[in-house]
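Asker: Please read through the structure below; I'll follow up with questions.
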Amino acid sequence: MRPKMQAVAEGTRWMLRLDQGQDLFAALSDFAREQSIRAAAVVSGIGMLKDIGIGYWNGAEYVRKDLAEPHELVGLHGSIAEADGPSIHLHAALATPDHELVGGHLMRGTVWVLNEILLETFPGRVFGRPIDETLGLRKLDLEPSRLAAP
Amino acid sequence: MRPKMQAVAEGTRWMLRLDQGQDLFAALSDFAREQSIRAAAVVSGIGMLKDIGIGYWNGAEYVRKDLAEPHELVGLHGSIAEADGPSIHLHAALATPDHELVGGHLMRGTVWVLNEILLETFPGRVFGRPIDETLGLRKLDLEPSRLAAP
Amino acid sequence: MRPKMQAVAEGTRWMLRLDQGQDLFAALSDFAREQSIRAAAVVSGIGMLKDIGIGYWNGAEYVRKDLAEPHELVGLHGSIAEADGPSIHLHAALATPDHELVGGHLMRGTVWVLNEILLETFPGRVFGRPIDETLGLRKLDLEPSRLAAP
């Protein structure tokens, strides 16, 4: 059976349940596209992830670590902006089988068992994620139209 | 003096202050029962916990670790559903006296000093937590009435 | 160029983007003062921090550790109350260059790259943070006017 996401709304808030096998970034991108979400915070997320990539920004590049094994997802936070489609920035805290926590900037992850995720959206707004040439990184911009003005 | 919880609401949101000595799961269950909360996200939580149990799901059972000593509660996230009374699913990140983080699926915990917890409720909704026979685990169901239909 | 914060509101919620070089506590205090925020939860925060101080409460004092190097900010949660100006209580989870997590009670931090922070405010309310003489600590009080009554 194909993995399937549940989503229910209350005002500007969405509770999501992602199912085993879903790619976390693809699932959130698809959802943002379907619901025309162009500005949101990923407020909370638990469950498990496997096939995980986490990064540490050393000022020039992400020092990457890959974790194939399932880990408990203990914290998931970030934002959804728009930069040629949904731009999703997530940081994650993950527990190993020994209950130690690892984490950082999340580069990829596949849902294991399930994920319970809470989004808070900002309807009518568009967050941007333009490249900051000085840092060599994309940075969240809460008011891109204001900066774009001459 | 008996430990005592404070709770204030803003719209569909509750801010809670739990007091030293309270059992975290019992306090949240009692609160959900009193306020008829049948669908909610535990969005944020800090403070300290002691007499903690954390688990890692290895596919068959929770590999459990118990921490008697007080730990800083650095992250607390999850959901409140209904399954013969309030069903509370929490993951926690906890700091040791050496400032290292441990955590995972939270199985028990007693409030130390205080806990500051934010809930976002979904009034009018009932989240379920039925057993998934394939996984041998209870899984959040955001729309149980839809699945229960013939 | 002087570091500059962005802030956009949706109802009682604020999304903030702090910029490299800002002192995290000073920036949040200034913002609370400007917006007359006297009761709020810091719900979510990611980005990077450097010049960090974290503490573990051992029952008598905070056992402190200082981290000069930039760390990924993986979790940031807490509350804003009022006690002779804004009183900000934060706990943080931070990733080292080796992707290990450290954290606890946050005592100081300077924004690195950026911080994306979500606040939920309780307009019309004032949270207090009076000293608990028994514990020797300031403790969040969600209804200080009620306790102040004779």
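Chains as they are written, first to last, in the working numbering: chain A, 1 to 150; chain B, 151 to 300; chain C, 301 to 450. We treat Cβ as the ideally placed atom computed from N, Cα and C, and that holds for glycine. In this text, all values refer to a predicted model and were calculated from it rather than measured experimentally.
1. Compute the Euclidean distance between the alpha carbons of Pro93 (chain B) and Gly161 (chain B), then round it to the nearest angstrom.
2. Going along the region 101-113 of chain A in order, which residues come within less than 7 Å of chain B, judged by CB to CB distance?
3. According to DSSP, is Glu361 (chain C) part of a helix, a strand, or is it coil?
4. Does the structure place the region 100-110 of chain A close enough to the region 45-59 of chain A that three or more beta carbon pairs sit under 8 Å?
5. Go through the region 356-414 of chain C residue by residue and report every complete run of the beta strand (DSSP E) that reaches 3 residues or more, in order.
6. Leaving out five residues before and five after Leu394 (chain C) in sequence, what residues of the same chain have Cβ atoms less than 8 Å from its Cβ?
7. Is there a Cβ from chain A that is less than 8 Å from the Cβ of Phe272 (chain B)?
8. Taking its Cβ as the centre, do 16 or more other Cβ atoms sit within 10 Å of Ala448 (chain C), making it buried, or is it exposed?
9. Please confirm whether His239 (chain B) has its beta-carbon closer than 8 Å to some beta-carbon of chain C.
10. My output table needs one value for Ala148 (chain A): the three-state DSSP class, helix, strand or coil.
11. Rounded to the nearest angstrom, how far is the Cβ of Leu135 (chain A) from that of Val193 (chain B), given a contact under 8 Å?
12. Would His99 (chain A) count as contacting chain C if we go by Cβ distances under 8 Å?
13. Is Tyr56 (chain A) near the ligand GTP, judged by its Cβ being under 7 Å from some heavy atom?
14. What does a CB cutoff of less than 6 Å around Glu82 (chain A) pick up in its chain, not counting 5 residues either side in sequence?
15. Just tell me which of B:Ala159, B:Lys154, B:Gly195, B:Ile196 has its CA closest to the CA of Asp180 (chain B).
16. As a quick exercise: from B:Trp262, B:Ala242, B:Ala190, pick the residue whose alpha carbon is nearest that of Gln170 (chain B).
17. At a CB-CB cut-off below 8 Å, which residues of chain A make contact with Leu369 (chain C)?
18. How would you call Ile431 (chain C), buried or exposed, if buried means at least 16 neighbouring beta carbons within 10 angstroms?
19. Cβ of Ser379 (chain C) within 8 Å of Cβ of Ala341 (chain C)?
20. Using the beta-carbon of each residue, which ones in chain E are nearer than 9 Å to Ile54 (chain A)?
21. Given this structure, state the Cα-to-Cα distance separating Leu157 (chain A) from Ala309 (chain C), to the nearest angstrom.
Answerer: Considering the structure as presented:
1. This structure gives no information on residue 93 (chain B), because the portion of chain B shown stretches from 151 to 300.
2. Correct list: Leu101, Val113.
3. Of the three classes helix, strand and coil, the one that applies to Glu361 (chain C) here is coil, per DSSP.
4. Judged by Cβ distances under 8 Å, the region 45-59 of chain A makes contact with the region 100-110 of chain A, as three or more pairs qualify.
5. 362-367, 371-382, 386-395
6. For Leu394 (chain C), the CB contacts under 8 Å within the same chain, skipping 5 residues up- and downstream, are Leu349, Ile352, Ile354, Leu367, His371, Glu372, Leu373, Val374, Leu401, Val402, Gly403 in chain order.
7. By this cut-off, Phe272 (chain B) is an interface position.
8. Per-residue confidence for Ala448 (chain C) stands at a pLDDT of 48, beneath the threshold of 50, marking its modelled position as unreliable; the derived number appears in the next sentence. So Ala448 (chain C) ends up on the exposed side.
9. In terms of beta-carbon proximity, His239 (chain B) stays away from the interface with chain C, with every pair separated by 8 Å or more.
10. Below a pLDDT of 50, predicted positions are generally treated as unreliable, and Ala148 (chain A), at 48, falls in that range; no measurement from the model is reported.
11. So it is not a contact: roughly 30 Å between Cβ atoms.
12. no
13. The ligand GTP is not part of the structure shown, which contains no ligands of any sort.
14. Within the same chain, Glu82 (chain A) has close Cβ partners Arg38, Val126.
15. B:Lys154
16. B:Trp262
17. For the sequence presented, residue 369 (chain C) should be read as Glu rather than Leu. Within chain A, no residue comes near Glu369 (chain C); the closest Cβ sits about 10 Å away, beyond 8 Å.
18. Ile431 (chain C) is exposed by the Cβ-count criterion.
19. yes
20. Checking the listed chains, one finds no chain E in this structure; the protein chains it contains are A, B and C.
21. Absent from the model: residue 157 (chain A). The displayed extent of chain A is 1 to 150, so no value can be given.
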